[in-house]
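The structure appears right after this line, and notes come after that.
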Amino acid sequence: MDNFPPRNPANPPNYDVEMVGDENNPEPIDARLRRPLEPLAIFADESEPMDTSRPVAAVAPTIALNVSSGDSELEGPTQQPQPQLPQPKRKESEIKSAYQVEADEEEDSLTMSDPYKGKGFLRLDINKFSEFCRGEPDRQQRMSKSVWVRGLPWKILAIPRSIDRGQQRNSKTLGFFLQCNGGETGEGANWNCVASAALHVMSKKPGQEAHIRRITHTFYPKENDWGYSSFMICDQLANPANGFIDNDTVSLAVYVSAEAPHGVSWDSRKHTGFVGLKNQGATCYMNSILQTLFFTNSLRKAVYQMTISPDEDPESSVALAMQRVFYDLSHSDKPVGTKKLTKSFGWDSLDSFLQHDVQELCRVLLDNLETKMKGTPVQDMIPTLFKGKMCSYIKCTDVDYESARDEIFYDVQLNIRSRDPSRHNTSFSIMDSFRDYVEAERLDGENKYDAGEYGLQPALKGVRFVHFPPILQFQLMRFQFDPNLESNVKVNDRFEFTDLLDLNEFVEKNDEGIDYTYYLHAVLVHSGDFHGGHYVVYINTNVKGRTSHWCKFDDDVVSRSTFKDAIVANFGGDDPEVLGRIFTNAYMLVYIRKDKIDEVLCEVTDKDIPPELIERFEVDKIEEERHKKEKQDAHLYQNVYFLTDELIEKHRGFDLFDVKSLDTPEIHRKIEKAAPLEKLFSFVQNNVLNGEDGMGEDLSFRLWRFSESTVRDDRAHVISLARFRATEAVVLNEETAKREIVTSLQSEKAIIYIERPSLRPDGSLSLLPYNDSSDILVFLKFYDSEAREMRCIGTTIVNFRASLLEMQPEILVKLDLPSDTRLRFYEEISPEKVRPIESPSLPLCSEMMLSEVNDGAIIIFEMVEKTTMNDNVMTYINKLYNTLEVEILQNDDQSSFPCAIMDATAVNTTGTVDLMWRCDKLTDYVAEKLNYDPSRLMLWRLAAYSEKPTHYVNEAQLKHSNFRVRELLSLTGDAIHDPRKQKKYKIFYNKIPIPVAELDRRKQMRITMVDEKFNCVDATVFPDKYGNVKSILDEAKRIFKFSQNGSRKLRLVLVGSTPSNKRAVAIFHEEEPLTAVQKSSAAAFHLRVEEIPHDQLTRTANEFLLSVAHFDRSPQDRMFGVPFYIKVADGEPFQQVRERIRQRLELSEKDIEKYKFAILAGSRVNRYLDMETDERVRLADLQHFPRAGVMDIRGVSNSIWLGLDHFNRARGSEKTRSEKAIVIHN
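In my numbering, the protein residues as written are 4 to 1229.
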């Protein structure tokens, strides 16, 4: 928090008090202590005068000296008579209702001894003051006894200071500080607490006021004390005539008011009975409105009654998430999380760091809940609670005619300043704003109302309220556009409101006799400016009771609050009694109608919650606790994924297993990292193999560690897809038995294959011996041509000098095939790399054999007699790899091809394509799916990795043999297709009005089409690339929306597109070639097609077209709007030109008066025109300078133009902070 300079509304006269530093720039005390010559000085700069009004941090170490005697060490006013301190004058708006006065008095009596109270009184009597003044600062520090406020100990710290400058050189001054010692409570180094305090030197003279200074500060470990290093000169204090000393004793007192601390063990449930909500980053606005809705009991009860469909995704159910938040707020002892709620909104993590408007979220959320309540017993709850009705009317004053329309409202937006500045005052209140709201506006003069048969009539325009709802929400309009600052700002003016609101005078007809008296229920407060800040909410948690109980909900911290802190302190404005809060004020108010309090704030118990909902939440809570404990203990355990022969043999497809299956319970296990390796083997024996194999001297299983790797093809300079292979045997012996599992497995997520005894050629079942230096583990896959599938049949251990033919007998035994069966072999390197082995008789280590002679090699074989050229391992593998599931979608980005025929009813469809299809075949396939002409179907090439359409596929690419589906989807290079991911790719298309084959001979041109109302539409046309401007206009005619009585003739205009040249520059001849047009339209310009106005179809020799454009004060960089041409004649009065422009822009006379007219050359203003005179158009002044490369029609001015200087209204509506509209997607 900023450290605001303190103010002293009641300075004692003529005390010659001197102080240090700059009151606007406090200096940390440690910076001053580093000066070698003045270790205890507190001067910010040698040249600075001393200043008594600046708060600073206290000097270094604080030593508690029990120097006070007798009653001077008593804690507060309950133990010692409280001195009479000066009281500020009470304002009318601060006068509380009777029950509120009782509430505050009761709170004071209950919390005086409560260590978690929000306010406290401290006192320190400095006896032997003369001795104190003569002492050194490190020896004469005096400290009061601790007083506990908000669970933290607070003390007064007094230090004598030396003054080494000014008239009081060599004098002493009193350093007076408030100290907060959060470290004494055992809290860490992250605690902080915001507090305000009034520091008093008490008067000993009857009738004389104390000397007071005020501070506001955020206390934290590095700045745990704050105050004034020169509060008063000691000589002045020691002078009995000044009335501050008696019996050599000076008395100090502090009234401190602290907010609930953060970063400490604050038990909100214990201190208030309620809990807060966790902030996800910038969700304080959401937390504030959620707490407000939670305390709207009837709404909470209705939310519990919302039905959740069994088919509804729990993660996207807003209703379920709201029910969970409300349930947790009722039952949890700790702050409640909202991540499940924001996830149900369809928000990502970035949305949680964007701050939004709290009122906007309230509207969107209530609208979402109201929609979801339809068709349920509580479908009318939200309208019943929040819906009001007002009547907008226009009533003629001279004739009997009135137009009225009823309107529904869910909240009321109140101005914090009067619409009439002459009536605004510094104590503008909610009642003033209401009266301002309903005051009628007079329509007269040019603004007379068209009353039909009565013609234009003077009238009154306004609103009147028909009825107010039980819950009345007010949004205070603090965020407004400031035309002087040219940006949106927050208005921090004082705006007073009361806890009791009588609105009966604003309801015109109250036939039902409803008492529209309201009690304040919640105050939502914003601290900061337009660009960001912080929201909290104060809620009266006992509106129904005799006394009010205000609580402050600040994200995860909830604390008791007072009437003044909740209401008066949030009026806004610069209140000297409330330092540092000029940017903190109420933004939204919630009132409850007096006659509906019992209904709105009905009791809500667990009986109102469906039992199945409670059971669900309790089960979820148990599961979350279990998951939390697992997460806390995760660092102690090793994730191990066990693969058995049975699991591998079930797998079909590439590799040996599906990575997605690893997290299934039968595969995934957790083992202690620090356990010895021998325990891993015992675990496998007992928990994975279920004791099937013994753990004797000879193990009947072997463990293999899998690892992920790639293979580099040095000849093709490509790297294969990653794959998992068994790379190393995990050996158990005397040396490794006691080694930690995590060390042995070399990974915190280890995949382990359990090799079991297998069938040998002699019919025995045994685990083959393995020699790490000469043997390799080989996995065997068999392609079954009859079943059209490929499966693993087991493993074998083979010497790397042996051949595949030597393995054949073992393979035939595994498949129970005749011994003379011929086999053909292949090597599976990775999914996209499967190659036939041409010479199976060669040793495995031969150069022409395997790509990798390592453990984990995969050998595929097939029966030669059972396969053909069209049915073998390679055809099966290619089909398995190249077959893709695709989603066929319309490219809805019209900017990429504006003339595409957009089908608003287009439905996405799916299909199966081949990666190696040519694109013309794919086009036919998609066209058949869409039932559309394939010649007019455009496919789009995708960007690598992003899956966004970038370039359309032209005719040459469609028929090129090397441009296939693979290239269309950019599945080349490092982004090759991985079939194991089972990804559904996207095929984007557009229906176009011309055949794709004609696109190559046509030129695609981007143009802007402008109608007679200056509405702009971007479009793309396809003129002949060797054509002229006329060919562009002919193409544009097909899509241009002509005005009803227009000329139906078009022209092509070159228009600037930047804020420094946004004007019409030239009109092209129809015979101008396209090449010249393209050359002229550089990046800072664009082409515009417009209908020629009737009066501009012909021109005489003394007439020409003058370019007209808008700018806001500066034509160099603040041009805006849509420029146009106006026809002017030599000698014509500019007043006539002005009138034609007014009619062209459809402006009222009142609006055109705000425009200034200027003649400009380029971006320089030549002169402003005086429209009150008879100034006329002179052709000589409007010289013609043609733009290079552009053939201009006669009479068109390119350099000289007419500027309309006026305010750009669009700037006022632009958002200047990085936020987007709130959307709940589910």
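By construction, the Cβ of each residue, glycine as well, lies at the ideal position given by its N, Cα and C atoms. If you're wondering where the values come from, they're calculated on a predicted model, not measured in any experiment.
| message | Taking 8 Å as the cut-off, does the region 846-860 touch the region 725-733 (at least 3 CB pairs, one atom from each stretch)? | response | yes
| Could you give the distance in angstroms between the alpha-carbon of Ile840 and the alpha-carbon of Cys848? | Counted from its first residue, the sequence shown places residue 840 at position 837. Counted from its first residue, the sequence shown places residue 848 at position 845. Distance between the alpha carbons of Ile840 and Cys848: 13 Å.
| request: Helix, strand or coil for Asn911, going by three-state DSSP, please let me know. | output: Residue mapping note: residue 911 aligns to position 908 of the sequence shown, counting from 1. In the structure shown, Asn911 sits in coil (DSSP, three-state: anything other than H, G, I, E or B).
| request: Taking only the alpha-carbon atoms, compute the straight-line gap between Ile1225 and Gln478 and give it to the nearest angstrom. | output: As a working mapping, residue 1225 is identified with position 1222 in the sequence shown. As a working mapping, residue 478 is identified with position 475 in the sequence shown. Their backbone Cα atoms lie some 17 Å apart in a straight line.
| task | Report the three-state DSSP secondary structure of His203 (helix, strand or coil). | result | On the sequence shown, residue 203 is found 200 positions in, with the first residue counted as 1. His203 falls in the strand class under three-state DSSP.
| field | Residue(s) in a DSSP beta bridge with Leu1207 | value | Start at 1 with the first residue of the sequence shown, and residue 1207 comes out as number 1204. BP columns for Leu1207 point to His1113, Phe1160.
| task | Give the single residue among Asn802, Tyr644, His654, Leu680 whose Cα lies nearest to the Cα of Glu669. | result | Taking the sequence shown and counting its residues from 1, one reaches residue 669 at position 666. Checked all of Asn802, Tyr644, His654, Leu680; the closest Cα to Glu669 is Tyr644.
| query | By the 10 Å Cβ neighbour count, where 16 or more other Cβ atoms means buried, how is Ser335 classified, buried or exposed? | reply | Against the sequence shown, residue 335 aligns to sequence position 332. Burial call: exposed.
| said: Just to confirm the assignment, what range does the beta strand (DSSP E) spanning Phe509 have? | reply: The residue you call residue 509 lines up with position 506 of the sequence shown. Here Phe509 belongs to no beta strand (DSSP E), and DSSP marks it neither H nor E.
| request: Write down the C-beta distance between Leu1090 and Lys1028 rounded to the nearest angstrom, noting that I regard them as a contact closer than 8 Å. | output: Numbered from its first residue, the sequence shown carries residue 1090 at position 1087. Numbered from its first residue, the sequence shown carries residue 1028 at position 1025. Actually they are not in contact, since the Cβ atoms of Leu1090 and Lys1028 sit about 15 Å apart, beyond 8 Å.
| said: Tell me the DSSP secondary structure of His1228 in three-state form. | reply: Counted from its first residue, the sequence shown places residue 1228 at position 1225. DSSP places His1228 in coil when its eight states are reduced to three.
| said: Ignoring anything shorter than 3 residues, give me the beta strand (DSSP E) runs that lie fully in the region 585-661, in order along the chain. | reply: 587-596, 640-646
| task | Helix, strand or coil for Cys136, going by three-state DSSP, please let me know. | result | The residue given as residue 136 occupies position 133 in the sequence shown. It is helical.
| message | At the level of alpha carbons, what is the spacing between Glu139 and Ile236? | response | Taking the sequence shown and counting its residues from 1, one reaches residue 139 at position 136. Taking the sequence shown and counting its residues from 1, one reaches residue 236 at position 233. Going by the C-alpha atoms only, they are around 15 Å apart.
| Quick one: complete alpha helix (DSSP H) runs, 4+ long, within the region 413-445? | 433-441
| request: Report buried or exposed for Ile45, applying the criterion of at least 16 other Cβ atoms within 10 angstroms of its Cβ. | output: Within the sequence shown, residue 45 is the residue found at index 42, counting from 1. Reliability fails at Ile45, whose pLDDT of 27 lies under 50, so the model's placement of it is uncertain and the value that follows must be treated cautiously. Looking at its Cβ environment, which holds 16 or more other Cβ atoms inside 10 Å, Ile45 is buried.
| message | Taking 7 Å as the limit between beta carbons, can you name the residues of its chain near Met1174, skipping five residues before and five after? | response | Taking the first residue of the sequence shown as 1, we reach residue 1174 at position 1171. Excluding positions up to five away in sequence, the list reads Phe1137, Gln1138, Arg1141, Phe1160.
| request: Alpha carbon to alpha carbon, how far is Glu813 from Val801? Give it in angstroms, no decimals. | output: Within the sequence shown, numbered from 1, the residue matching residue 801 stands at position 798. Within the sequence shown, numbered from 1, the residue matching residue 813 stands at position 810. Rounded to whole angstroms, Val801 to Glu813 spans 11 Å at the Cα level.
| request: Have a look at Leu278 and Glu751 and give me their C-alpha separation to the nearest angstrom. | output: Looking up residue 278 in the sequence shown gives position 275. Looking up residue 751 in the sequence shown gives position 748. Reading off the sequence, residue 278 comes out as Val, not Leu. Taking the straight line from one Cα to the other gives about 39 Å.
| field | Cα-Cα separation between Ile744 and Leu646, rounded to whole angstroms | value | Position 741 of the sequence shown, counting from 1, holds the residue named residue 744. Position 643 of the sequence shown, counting from 1, holds the residue named residue 646. Ile744 and Leu646: Cα-Cα distance of roughly 17 Å.
| For Leu735, which three-state DSSP category applies? | Here residue 735 corresponds to residue number 732 of the sequence shown, with the count starting at 1. Correct three-state label for Leu735: coil.
| task | Would you mind working out which of Pro834, Ile832, Lys131, Met810 sits nearest Leu826, comparing C-alpha positions? | result | Residue numbering aside, residue 826 sits at position 823 when the sequence shown is read from its first letter. Among Pro834, Ile832, Lys131, Met810, the Cα nearest to that of Leu826 belongs to Met810.
| To the nearest whole angstrom, what separates the beta carbons of Pro998 and Arg939, a pair I think is in contact under 8 Å? | Counted from its first residue, the sequence shown places residue 998 at position 995. Counted from its first residue, the sequence shown places residue 939 at position 936. Indeed they touch by this definition, with Cβ atoms about 6 Å apart.
| Which residues does DSSP pair with Val801 in a beta bridge? | Sequence index remark: in the sequence shown, residue 801 carries index 798 (1-based). Ile779, per the DSSP bridge assignment.
| query | Apart from the five residues just before and just after Ser319, which ones in its own chain have a Cβ nearer than 6 Å to its Cβ? | reply | Mapped onto the sequence shown, residue 319 falls at position 316. Counting only Cβ-Cβ distances below 6 Å, and skipping sequence neighbours, we find Ser347, Asn1229.
| task | Within 10 angstroms of the Cβ of Val259, are there 16 or more other Cβ atoms? Answer buried if so, exposed if not. | result | One-based indexing of the sequence shown puts residue 259 at position 256. The residue in question, Val259, is buried, as its Cβ has 16 or more Cβ neighbours within 10 Å.
| said: If I follow the unbroken beta strand (DSSP E) through Tyr955, where does it start and stop? | reply: Along the sequence shown, read from residue 1 onward, the residue named residue 955 stands at position 952. Here the beta strand (DSSP E) through Tyr955 covers 952-955.
| field | Residue burial classification, Arg126 (beta-carbon count within 10 angstroms, cutoff 16) | value | Along the sequence shown, one-based indexing puts residue 126 at 123. Buried, because 16 or more other Cβ atoms sit within 10 Å of the Cβ of Arg126.
| Are the region 512-520 and the region 427-446 touching by the rule of at least three beta carbon pairs closer than 8 Å? | no
| Taking Cβ to Cβ, would you say Asp1 is nearer than 8 Å to Leu724? | With the chain covering only 4 through 1229, there is no way to say anything about residue 1.
| query | In the DSSP assignment, what residue or residues form a beta bridge with Cys399? | reply | One-based indexing of the sequence shown puts residue 399 at position 396. In the DSSP output, where bridge partners are listed per residue, Cys399 has Ala462.
| message | In the DSSP output, which residue or residues are listed as bridge partners for Ser712? | response | Reading the sequence shown from its first residue, position 709 is the one you call residue 712. BP columns for Ser712 point to Arg726.
| Straight-line Cα distance separating Gly465 from Ile1129 | By one-based count along the sequence shown, residue 1129 stands at place 1126. By one-based count along the sequence shown, residue 465 stands at place 462. One C-alpha to the other measures close to 39 Å.
| field | Cα-Cα separation between Asp383 and Ser301, rounded to whole angstroms | value | Counting from 1 along the sequence shown, the entry for residue 383 is found at position 380. Counting from 1 along the sequence shown, the entry for residue 301 is found at position 298. Straight-line Cα distance between these residues: approximately 12 Å.
| query | Under the DSSP definition of a beta bridge, which residues are partnered with Gly1059? | reply | Along the sequence shown, read from residue 1 onward, the residue named residue 1059 stands at position 1056. DSSP, once it has assigned bridges, lists Phe1088 as partnering Gly1059.
| field | Beta-carbon proximity list for Thr913, same chain, < 8 Å, skipping 5 on both sides | value | As a working mapping, residue 913 is identified with position 910 in the sequence shown. If we look at Thr913 and ignore the five residues flanking it on each side, its Cβ neighbours are Glu888, Val889, Glu890, Ile891, Lys987.
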